[in-house]
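Since the structure comes first, as structure tokens, the remarks are kept for the end.
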Amino acid sequence: MIPFDFDYYKPSSVPLAAEWFHLLQQQGKHPIYYAGGTEIVTWARTNDIHPGAVIDLKSVPECNVMEMQGDKLVIGSCVTLSALTAANPFPLLSETARGIADQTARNQITLGGNICGNIIYREAVLPLLLANSRIRIAGIEGIREASIHQVFSQKIRLEAGEFLVQIVTDRSDLSLPFVHIKKRQIGSVGYPLVTVAALKKDERIHTAYSGVCSFPFQSAAIDQVLNDTSLPLSARIDQAVGQLPAPLLSNVEGSAAFREFVLKQTMAEAVHTLERR
Amino acid sequence: MTLPPPAMYPVACEVNGEKRLVRVRAADILLSTLRDQLGLTGSKPGCENGDCGACTILVDGLPVKSCLMLTVEAEGKQLTTIEGLKNSPVQHAFVRYQAFQCGYCTPGFIMNCEGLRNAHPHADEETIRVWLESNICRCTSYEEIQHAVRDVFTPKT
Chain A
14 MIPFDFDYYK PSSVPLAAEW FHLLQQQGKH PIYYAGGTEI VTWARTNDIH
64 PGAVIDLKSV PECNVMEMQG DKLVIGSCVT LSALTAANPF PLLSETARGI
114 ADQTARNQIT LGGNICGNII YREAVLPLLL ANSRIRIAGI EGIREASIHQ
164 VFSQKIRLEA GEFLVQIVTD RSDLSLPFVH IKKRQIGSVG YPLVTVAALK
214 KDERIHTAYS GVCSFPFQSA AIDQVLNDTS LPLSARIDQA VGQLPAPLLS
264 NVEGSAAFRE FVLKQTMAEA VHTLERR
Chain B
71 MTLPPPAMYP VACEVNGEKR LVRVRAADIL LSTLRDQLGL TGSKPGCENG
121 DCGACTILVD GLPVKSCLML TVEAEGKQLT TIEGLKNSPV QHAFVRYQAF
171 QCGYCTPGFI MNCEGLRNAH PHADEETIRV WLESNICRCT SYEEIQHAVR
221 DVFTPKT
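Top line first, the protein sequences correspond to chains A and B.
If you count the first sequence from 1, you need to add 13 to reach the numbering used here.
If you count the second sequence from 1, you need to add 70 to reach the numbering used here.
Structure representation (structure tokens):
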């Protein structure tokens, strides 16, 4: 059970959600936005978070869309990972989503929830970083749009009271050649040792990583090295690993040394596959 | 603007085909409400962390881990627990293949397979494998469970 009480609000529109958040914050309720709820329920149950109010976004229509609007794919933040995978509008995103948690959990976990979560892996963001998606964000001032690269650096960085409404991706990026490789310590469900997602665009390979460091990332420096075909692949990979943005993660899934070994293998698989396509 | 008042929340939903109304704290977990308020103890608390699947029920036909859902989220939903099944082919297959040992995980496995039947009436081997990954059997009856579920999706002549 969750050992404390909170209030529950279910706004039916974007402005109402932002307004309620603002009011609840003024009342000292420490509200949080809520979508699939899997992470919030887990952390509340273990007494690690103590919101005074949750604002459930699942009844906000804009948060539930999944459609082409002109040349853009628009996905609402409350679309579940299983719905996303079933509809498959963006194959790399579907493949990535399919690797998160398990099938039943994916009926609850939402795209927005995965990206905005506290759990360090946040794998669903990798395709969005690679496709330079844009993010529609709502707050008390209204809706703004920003590049994923502006609002996601190690984790989502929104202003207080803002929430993620939609993710917008150009049609031209949806069907590019891609690779998604997730390697776990054991089995086919669970957190990654290493996840590599990669897209090939204009003859260049773009890569993004989760499980390697304590946050998901895309690195221009790594991509620069990996695309330097004047070097043999093994040398490129050695150099790429030297460009990591933070120390290799060492945790129960695997030590830093083991991760480095797995990362090098996985990078080689990804680059080798895309260079042939 | 005034905010809706907090405190106890009425939640109207359909449980195993019957309309039910419960009053809950916003922080109440659906699994607890089913077991403690509605007396439906077929859904089992296992890890209570979304890992084991023993608490799996159907929400609008889809499998959901009821330990990770707030009861207030069930407003207007159709819930099906193991008590709502009567002689389903999945239940029969589990009996036929003795797909259990202690039986604690069985309701979760069966509800997950019911959800699979809803979503993929002709599920192939790979789809079955992916869906079964959501549940854990500590007695390790996996082989018998796989045989039972495979049988459910094998066309009968």
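Beta carbons are placed, not taken as given, at the ideal position from N, Cα and C, and that holds for glycine.
These numbers come from a predicted model, not from an experiment.
- In the three-state reduction of the DSSP assignment, leucine 276 of chain A falls in the helix class.
- One Cα belongs to glutamate 143 of chain B, the other to glycine 87 of chain B, and the distance between them is close to 18 Å.
- Inter-residue distance for valine 85 of chain B and asparagine 77 of chain A is about 25 Å (C-alpha atoms, whole angstroms).
- By a beta-carbon distance limit of 8 Å, isoleucine 194 of chain A contacts threonine 279 of chain A. Their separation comes to about 5 Å.
- Judged by their CB atoms, alanine 137 of chain A and arginine 147 of chain A are not nearer to each other than the 8 Å cut-off.
- As the crow flies, the alpha-carbon of isoleucine 99 of chain B is around 12 Å from that of glycine 120 of chain B.
- Classified as buried, proline 205 of chain A has 16 or more neighbouring CB atoms from the shown chains inside 10 Å of its CB.
- Boundaries of the alpha helix (DSSP H) harbouring proline 177 of chain B: 176 to 189, taken from the DSSP string.
- When C-alpha distances from glutamine 256 of chain A are compared across A/Val225, A/Phe271, A/Ser243, A/Val284, the shortest belongs to A/Val225.
- Residue state for serine 160 of chain A is assigned as strand, using DSSP reduced to three classes.
- Nearest C-alpha to asparagine 264 of chain A among A/Asp236, A/His285, A/Ser227: A/Ser227.
- Taking a Cβ-Cβ threshold of 9 Å, the residues of chain A close to isoleucine 99 of chain B are Met14, Ile15, Val54, Arg58, in chain order.
- For glutamine 116 of chain A, a Cβ of chain B is located within less than 8 Å of the residue's own Cβ.
- Taking 7 Å as the upper bound on Cβ-Cβ separation, chain A lies near residues Val200, Trp201, Glu203, Ser204 of the stretch 190 to 207 of chain B.
- A straight-line Cα-Cα distance of about 11 Å links aspartate 69 of chain A and leucine 140 of chain B.
- Under the three-state reduction of DSSP output, glutamine 82 of chain A falls in the strand class.
- The residues Ile156, Glu158, Val178, Gln179, Val181, in chain order, have a CB closer than 7 Å to that of arginine 149 of chain A in the same chain once the five nearest residues on each side in sequence are set aside.
- Under the DSSP assignment, phenylalanine 34 of chain A falls outside any beta strand (DSSP E), being part of the alpha helix (DSSP H) whose first and last residues are 27 to 39.
- At a C-beta separation below 9 Å, phenylalanine 19 of chain A has these neighbours in chain B: Pro76, Arg95, Ala96, Ala97.
- Contact note: threonine 51 of chain A reaches chain B through Gly120, Leu138, using a C-beta cutoff of 7 Å and chain order.
- In this structure the stretch 127 to 134 of chain B does not lie against the stretch 37 to 52 of chain A, because fewer than three pairs of beta carbons, one per stretch, are closer than 8 Å.
- Glycine 267 of chain A sits close to glutamine 198 of chain A, with the two beta carbons spaced by under 8 Å.
- With a 10 Å radius around the Cβ and a threshold of 16 neighbouring Cβ atoms, threonine 117 of chain A comes out buried.
- Of the other Cβ atoms in all chains shown, fewer than 16 fall within 10 Å of the Cβ of lysine 156 of chain B; this residue is therefore exposed.
- Under the rule that a run must span 4 or more residues, the alpha helix (DSSP H) segments found entirely inside the stretch 192 to 226 of chain B read 195 to 202, 212 to 222.
- Scanning chain B for C-beta atoms nearer than 7 Å to the C-beta of valine 202 of chain A yields Glu203, reported in chain order.
- Contacts between tyrosine 79 of chain B and chain A, judged by CB atoms closer than 7 Å, involve Tyr21 in chain order.
- Not a single CB atom of chain A sits nearer than 8 Å to the CB of glutamate 84 of chain B.
- Distance from the CA of isoleucine 169 of chain A to the CA of glycine 130 of chain A, rounded to the nearest whole angstrom, comes to 8 Å.
- In this structure, the alpha-carbon of glycine 123 of chain B lies about 9 Å from that of cysteine 207 of chain B.
- In the structure shown, the three-state DSSP call for glutamate 88 of chain B is strand.
- A check of alpha carbon separations from lysine 23 of chain A across A/Ser72, A/Leu189, A/Ala151 identifies A/Ser72 as the nearest.
- Below 8 Å, too few C-beta pairs join the stretch 200 to 218 of chain A and the stretch 160 to 167 of chain A to call them touching: fewer than three.
- A straight-line Cα-Cα distance of about 11 Å links isoleucine 132 of chain A and serine 223 of chain A.
- Assignment of aspartate 251 of chain A by DSSP, reduced to helix, strand and coil, places it in the helix class.
- Among the residues facing chain B, glutamine 121 of chain A is included, as its CB has a counterpart in that chain under 8 Å away.
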